[in-house]
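Beneath this line is the structure, given in structure tokens, with notes to follow.
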Amino acid sequence: MTLLDTDAPPFSLEAYYTPTLPEDGDHLTAILTVEAAQSDLVVTRQDRVLLFIIDKSGSMQGASIDAVRQAVLRGIDLCDEDMTIGVVAFDDSASVLVRPQKANARCKQDAARLLQMLYASGGTAFSTGLDVARGVFQQYPNSIRRAIFLTDGVNESERPGRFEPVLRNCVGAFECDCWGLGTRWRVGEVQEVARALNGKASLIPGPGEIEATFSAAIQKAASKAVADVRLRLWTPQTSRITLVKQMNPTIEDLTTAGSRPSPQVLELGIGSWAPGESRDYQIDLQVTSGSIGEELLALRPSVVFRQDGQERDIRSLSARVVVTWTTDEALSSRINPRVAHYTGQEELALAIQSGLQARERGDDEAATHLLGKAVKLAAQSGNDEMTGRLQRVVDVDDAATGTVRLKRGVSETATMDLELESTTTKRAARRPAAPVEAS
Amino acid sequence: MPCGRAHCSDAMRCPSCGAISPPTSRFCERDGTRLVVESTVAQLTTQVTRSPAACGCGSTAFEEGFCIACGRAAPRTSQAYDHVEQAPVAELGGVTDRGKRHPWNEDALSLGAEVIAEPVHVLVVCDGVSQARNAQQSAQLAAEVARASLLESTRGNIDPATAMRQAILAAHLAICALPDDTQTRVDPTKNQAPGCTLVAALVRNRHATIGWVGDSRAYRFGPDLSQLLTHDHSWLNAVVDSGELTPAEAAASPNCNAILRAVGPLNYDDGSASEAPSADVVNCDLLSGHTLLLCTDGLWRYAPEPRELAGLVRQAPVEAGPLELSRRLVEYANARGGTDNITAAILRQT
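Heads up: the sequence lines are chains A and B, in that order.
Note that my numbering has the first sequence beginning at 420, numbered continuously upward.
Note that my numbering has the second sequence beginning at 32, numbered continuously upward.
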């Protein structure tokens, strides 16, 4: 018996795991796929605020700062007129260069005039720009708050003990994708900011690529429809979460990032979402083993967000992790394909990172072995983008066996880019839609 | 005079106007409507909503079918309804079955027979709306309350069509008063206000009165007769009757199985229950040798034409009673996939 379907859920959740544990089995891994509904109509789109946080230290002078001016102005053109746009500029101190305003023609005039006055000088202290941005975003608590952060240098002008507390304060205040321009910045420093703020760190090779990069980032910010989404993970007293990671689009360890509103609930901020956006999470569970045939609800995930002042908690039957114990080893030894896929992608990321480290310290034998393994894993999982990036640092003799030779004279850009993108995974194959069945 | 206590369980509440009458009343003191004892409804409600026993860990709090303390599966009372058979007298019998695909049986069946001056038979079949909360409970409660109300009506001098409408109204009000089954509901997405289909027959003196809401059906079969007595309150019938779509076009739509009317607050956007569901009632003769079949869509979708079901009924050996015949119909649907819950109830007129 069915009714006319009038109310599709704004998010769908589905868990992938092996539902049968062997006798005495006490741990399992599940992949949770969260997908926002395609249709804009399912939720009311929230207001969107986008800030550019621009490094204007001395090294930006010349082509870089000119390109930034151009890219920001072109970017405002791309924004819907109901988006709010602003620019924060920092060196060893920071200020609001273009105050946040709707992205209309007047905004563009204002921005053009103000950006003209942008003059690059001084040192680099990320915290100053982040802190000013946080102050601005505070005025928009119910909006989608995103920033685009750009630097070209090492974070060397910070007052001691200032960076960490400022970054901590920014967590949850806004989301931030970060870019390093050129190669004279540190991957770890920029990654730290991006990771803390639900964003991604990437490389822009030179001033000529700023505009295209910003355009893509603005389109991403403009596509968002709902802010401050949380992943709520409920476990019974017999089950404990030992690890939570985002596995796609990038690998991010979230195990210690969450809050515990109650002993049985772990909540993770998963930021803003666009219609149709999809992410995969890995959740490892330690459970009290049960008797053969017993059924245990080991995890019940839900997606929580606020709509018109009301909290909505979206659950799904197919997202629940329900396990049972069996003596049939053929059942309990099966590995879910989606779990296996991400195990492989993580192995790939590790091989790249440790391979690059080995090459850095001059251990060419280890580097050849590890990067060869990465080439093999990338080929096996069909991660063609990663294969392309790897081919900029190694010559591949045979991808299937992982036989490679280290390239000489590899550009710093190629190395940094590979390191930054090593955690970008290929999405697990989606099942074809289930056939509709009369009931 | 009523006893005065607002919720005196022995008081009689009028299903039409809501007025309370004393426990001894057979008719509403305000508008004369035939009454069902409130305590009967209360008792039936308790019967269908009883909580599962305590979990092994000692907790009695369940959500979505699992213990909220230790996560173990709640003892499943619902499995008791996976397959239920009833045969109160030799000429009357029925079966409700979970089928092969659904995790629960949300169909329900209630049969009754009494001799009041002459034999009286009552058949009720319901199908819970699966996206709604209390799906299993509302179907069971509606079937039981309608049966009780119809049997009660035969003790007075009330015309059967009115008795039928009152029985459907009583079932509706009982569902509206059902407590939310959050604790025991296994599927949290089943969160709409509850509702079910209902088809009922009151047979007395070779005369049958059929009432229905939704797409559960009644058929009459005889040696040269195979007749569908009901007309589904379905989206498909609505668009075909209005000429908007041809039957073939309508059958291809994703809405082709949707119903437009149900018993219970489901009908109303705000979950209120101020109005009774609009039921249809028909009368027909049920002569010696005639078979009356009530069933849910879990059966008739596998045999949409009346002659197909008639063929199945005629194939059965003469000695097969109504219970055996109902089993065969359920087996027939299960053998073809059993994609839905299946219910069949049969009266063989002697």
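Ideal Cβ placement from N, Cα and C applies to all residues, glycine included.
Which of helix, strand or coil DSSP assigns to A:Q665
strand
Measuring only between beta-carbons, confirm whether B:F93 sits less than 7 Å from chain A.
no
Should A:Y538 go down as buried or exposed, given a rule of 16 or more other Cβ atoms within 10 Å for buried?
exposed
Look at A:L679 and A:L685 and say whether their C-beta atoms are less than 7 Å apart.
It is Arg, not Leu, that sits at residue 679 of chain A in the sequence shown. Closer than 7 Å, so yes.
So which residues on chain A does B:C101 lean against when the C-beta distance must stay under 7 Å?
P655, Q656 and T657
With distances taken Cα to Cα, identify the nearest neighbour of A:D672 among A:R757, A:I637, A:Q729 and A:T842.
A:T842
Beta carbon of B:G102, beta carbon of A:S658: below 7 Å?
yes
Taking buried to mean at least 16 other C-beta atoms within 10 Å of its own C-beta, is B:N165 buried or exposed?
buried
So, is the C-beta of A:E454 closer than 7 Å to a C-beta in chain B?
no
Taking the straight line between their C-alpha atoms, what separation do you get for B:G143 and B:L154?
7 Å
B:A334 touches chain A at which residues, Cβ-Cβ below 9 Å?
By Cβ distance, chain A contributes nothing, its closest Cβ being about 14 Å from B:A334, past 9 Å.
Measure from the C-beta of A:E686 to each C-beta in chain B and report whether the shortest distance is under 7 Å.
no
Please tell me whether A:D571 and A:L600 are closer than 7 Å, where the distance is taken between their beta carbons.
yes
Below 8 Å between beta carbons is the criterion; list the residues of the stretch 708-737 of chain A that meet it against any residue of chain B, in chain order.
G709, E713, E714, L715, L716, A717, R719, R734, S735 and L736
Are there 16 or more other CB atoms within 10 angstroms of the CB of A:P694, so buried, or fewer, so exposed?
buried
Does the beta-carbon distance from B:R132 to B:D113 come in below 7 Å?
no
Apart from the five residues on each side of it in sequence, which residues of its chain come closer than 6 Å, Cβ to Cβ, to B:V120?
A144
Quick check on B:A104 - is its C-beta less than 7 Å from some C-beta in chain A?
yes
Applying the criterion that 16 or more other CB atoms from any shown protein chain within 10 Å of the CB defines a buried residue, is B:A92 buried or exposed?
exposed
Which whole-angstrom value is the C-beta distance of A:R651 and A:S721, which I expect to be below 8 Å?
5 Å
Start and end residues, alpha helix (DSSP H) containing A:G494:
A482 to L497
Drop a sphere of 10 angstroms on the beta-carbon of A:A635, count the other beta-carbons inside from all chains shown, and report buried for 16 or more, exposed for fewer.
exposed
Residue-level contact to chain A via CB, B:F252, 7 Å cutoff:
no
To the nearest angstrom, how far is the alpha carbon of B:T240 from that of B:R61?
27 Å
In the structure shown, what three-state DSSP assignment does B:H262 receive?
coil
So, A:A508 versus A:K475, is the Cβ gap smaller than 7 Å?
yes
Can you name, in chain order, every residue of its own chain whose Cβ lies under 8 Å from the Cβ of A:Q535, other than the five neighbours on each side?
R488
Quick check on DSSP: helix, strand or coil for A:E714?
strand
Please go through the same chain and pick out, in chain order, the residues whose beta-carbon is closer than 8 Å to the beta-carbon of A:A798, but skip the five residues on each side of it.
T806, A818 and A819
Check whether the stretch 156-163 of chain B and the stretch 185-196 of chain B touch, using three or more Cβ-Cβ pairs below 8 Å as the test.
no
A:E433 versus A:V663: straight-line alpha-carbon distance, rounded:
16 Å
Within 10 angstroms of its Cβ, does A:A427 collect 16 or more other Cβ (buried), or is it exposed?
exposed
Taking DSSP as the reference, what is the three-state secondary structure of A:S478?
helix
By Cβ distance below 6 Å, which residues in the same chain neighbour A:Q480 in space, the five residues on each side in sequence not counted?
A539
Status (buried if at least 16 other CB within 10 Å, exposed otherwise) for A:I754
exposed
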